[in-house]
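K.L.:
Let me give you the structure first, and then I'll get to my questions.
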Amino acid sequence: MGLNIPSALTQVLLIEDTSQIGHARRTAQQFSQSLGFDETDAGRVALVATELASNILKHATHGELHLRATGNGGVEMIAIDRGQGFDINSGLVDGFSTGGTQGIGLGAISRLAQVFDAYADQRGAAILARLTPRAVTTPDIRYGVSQHSLHNDPHCGDAWHLAIEPGRFSVMMADGLGHGEYAEQAARAGEEVFAQSAFVDSTVLMNDMHVGMNSTRGAAMAVAQYDAVADTLRFTGVGNIGGSLIGPDKSRGLASHPGIIGVQFRKAQPFDYAQVANQLLILYSDGLQSRWNLSDYPGLVHRHPALIAAILHRDFCRGRDDVTVFVIALEAIDG
């Protein structure tokens, strides 16, 4: 049985004063209930949202709480700020406070969440919590995505889609020309075709998406297909979707060819990469600057991919286009 995780915007909750903590708590609780969490499990989500939002005010005075569904029954929350950072390890010790409080915040979050991770340096902090209902035993999928429309437009010209089967996954990213409603129509048309046949040969898939997007303004498009058994990654890109493979001792860019899917392009050319297990795949639309380097963030490459996506968005968003950052660990995933 496979799993399809469709494109969805990251919900951003501003945390700038104490009144917004309550709003964040209620929003997260209602969101979890919409995903099927019962009252008790939704209460856990509410408590974690409260602690995450409170932590932002204590250490950075303002920041954001990012909220989204994980796609496999869970809720993801990331508290992110531009403060001075703090000692995360000490903050996890019961009774120790980095902000003059009772010292229960980070420790409570780590106990309540099935997945907890954090990263902090002089540029700020990011704290991740993923929660699922207690009765659910679905393993964590080590991926993360941060997707935002320009000026909070309800229409986003970027789209992504993750399809998972046992031992392999296929992911696409599209950036419709321009932004707004018509860019969204183009990107979503490509996603719809992809979702129906995510694991067919990527050159065939590109042609199928091209046909399916003929009535739209077109989009830049990239497809990455990973096979854990063969330990290979195939990347096929047309247009300016950025792609990087991040290994323990090196990183390399993934090449795309010129063109616009749905409008005009020559034959898509796939590139195959071998022995990629345990590396990171990062895809991003051109709303993100391309001059970033994870080596400037000591230890970040070992943190959860969702933290990496959020931090790259925080520090390298251009601010003049829709932006999507998708990060996934190249490892076997149970579909």
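When you number the sequence shown by the UniProt record's numbering, it's gap-free, plus one each residue, and the end is 335. Each residue gets a CB set at the ideal place from its N, CA and C atoms; glycine is no exception.
Taking the straight line between their C-alpha atoms, what separation do you get for T232 and A332?
P.N.:
12 angstroms
K.L.:
Three or more C-beta pairs under 8 angstroms: does that hold for the segment 170 to 181 against the segment 32 to 46?
P.N.:
no
K.L.:
On the three-pair Cβ rule with 8 angstroms, is the segment 65 to 79 touching the segment 4 to 21?
P.N.:
yes
K.L.:
What residue does the beta strand (DSSP E) around F265 start on, and which one ends it?
P.N.:
No beta strand (DSSP E) contains F265, which DSSP labels as neither H nor E.
K.L.:
Can you name the start and end residues of the beta strand (DSSP E) that M206 belongs to?
P.N.:
Looking at the DSSP string, M206 is not in any beta strand (DSSP E); the run it does join, the alpha helix (DSSP H), is S202 to G212.
K.L.:
If we count Cβ pairs, one from each stretch, closer than 8 angstroms, do we get three or more for the segment 181 to 192 versus the segment 213 to 221?
P.N.:
yes
K.L.:
Which residues in the same chain have their Cβ closer than 6 angstroms to the Cβ of G144, if we skip the five residues on either side of it in sequence?
P.N.:
P305, A306, A309 and V327
K.L.:
Tell me which residues share the same chain as L162 and place their Cβ nearer than 6 angstroms to its Cβ, disregarding the 5 neighbours each side in the sequence.
P.N.:
Cβ neighbours of L162 beyond the five flanking positions: I5 and V171.
K.L.:
If you reduce the DSSP assignment to three classes, tell me which class residue 344 lands in.
P.N.:
This structure does not reach residue 344, given that the chain is present from 1 up to 335, and the question cannot be answered.
K.L.:
So, at 7 angstroms on beta carbons, what are the nonlocal neighbours of D334 in its own chain, with the 5 sequence-adjacent residues on each side left out?
P.N.:
Correct list, in chain order: P139 and P166.
K.L.:
Give, in chain order, every unbroken run of the alpha helix (DSSP H) that is at least 4 residues long and sits entirely within the segment 261 to 322.
P.N.:
Correct list: 305 to 316.
K.L.:
Is DSSP giving F33 helix, strand or coil here?
P.N.:
Checking the sequence shown, residue 33 turns out to be Gln, not Phe. In the structure shown, Q33 sits in a helix (DSSP, three-state: H, G or I).
K.L.:
Inspect the beta-carbon positions of L205 and V223 and report whether they are closer than 8 angstroms.
P.N.:
yes
K.L.:
With a threshold of 6 angstroms on Cβ separation, who are the neighbours of A24 within its own chain once the five nearest residues in sequence on each side are excluded?
P.N.:
L13, A49, A53 and L65
K.L.:
Quick one: residues in its chain with C-beta nearer than 7 angstroms to the C-beta of N72, no 5 flanking neighbours on either side, listed in chain order?
P.N.:
L3, T138 and I141
K.L.:
Nearest-angstrom Cα distance between L330 and G253?
P.N.:
16 angstroms
K.L.:
Look at the Cβ atom of A113, then the Cβ atom of A125, and state whether they are nearer than 8 angstroms.
P.N.:
no
K.L.:
By Cβ distance below 6 angstroms, which residues in the same chain neighbour F265 in space, the five residues on each side in sequence not counted?
P.N.:
The answer, listed in chain order, is V238 and G259.
K.L.:
Given a threshold of 16 other Cβ atoms within 10 Å of its Cβ, counted over all protein chains shown, does E16 qualify as buried or as exposed?
P.N.:
exposed
K.L.:
How big is the Cα-Cα spacing for T98 and D87?
P.N.:
Because the pLDDT of T98 is 44, which lies under 50, any placement of that residue in the model is unreliable, and the question is left without a value.
K.L.:
Using a Cβ-Cβ cut-off of 8 angstroms (strictly less than) and excluding sequence neighbours within five positions of L300, which residues of its own chain qualify?
P.N.:
Y119, L294, L307, I308 and I311
K.L.:
Check the C-beta distance from L150 over to D321 and give it rounded, since I have them as a contact under 8 angstroms.
P.N.:
6 angstroms
K.L.:
Buried or exposed: R26, going by 16 or more other Cβ atoms within 10 Å of its Cβ?
P.N.:
exposed
K.L.:
Taking the alpha-carbon positions, what's the F37 to S251 distance?
P.N.:
40 angstroms
K.L.:
When the Cα of S32 is compared with those of R291, Q84, G85 and R134, which residue comes out closest?
P.N.:
That would be R134, whose Cα lies nearest to the Cα of S32.
K.L.:
Considering only DSSP beta bridges, list what A120 is partnered with.
P.N.:
A125
K.L.:
Among the candidates T236, G74, D201 and A255, whose CA atom is the shortest distance from the CA of V136?
P.N.:
Minimum Cα distance to V136 is reached at G74.
K.L.:
Name the two residues that bound the continuous alpha helix (DSSP H) containing T236.
P.N.:
No alpha helix (DSSP H) holds T236; the beta strand (DSSP E) holding it covers T232 to V238.
K.L.:
Could you check whether Y297 and D121 sit closer than 8 angstroms to each other, using their CB atoms as the reference points?
P.N.:
Taking 8 angstroms as the Cβ cut-off, D121 and Y297 qualify as a contacting pair.
K.L.:
What first and last residue would you give for the alpha helix (DSSP H) that runs through R44?
P.N.:
Start and end: E39 to A60.
K.L.:
Can you tell me whether D249 is buried or exposed? The criterion is at least 16 other CB atoms within 10 Å of its CB, across all chains shown.
P.N.:
exposed
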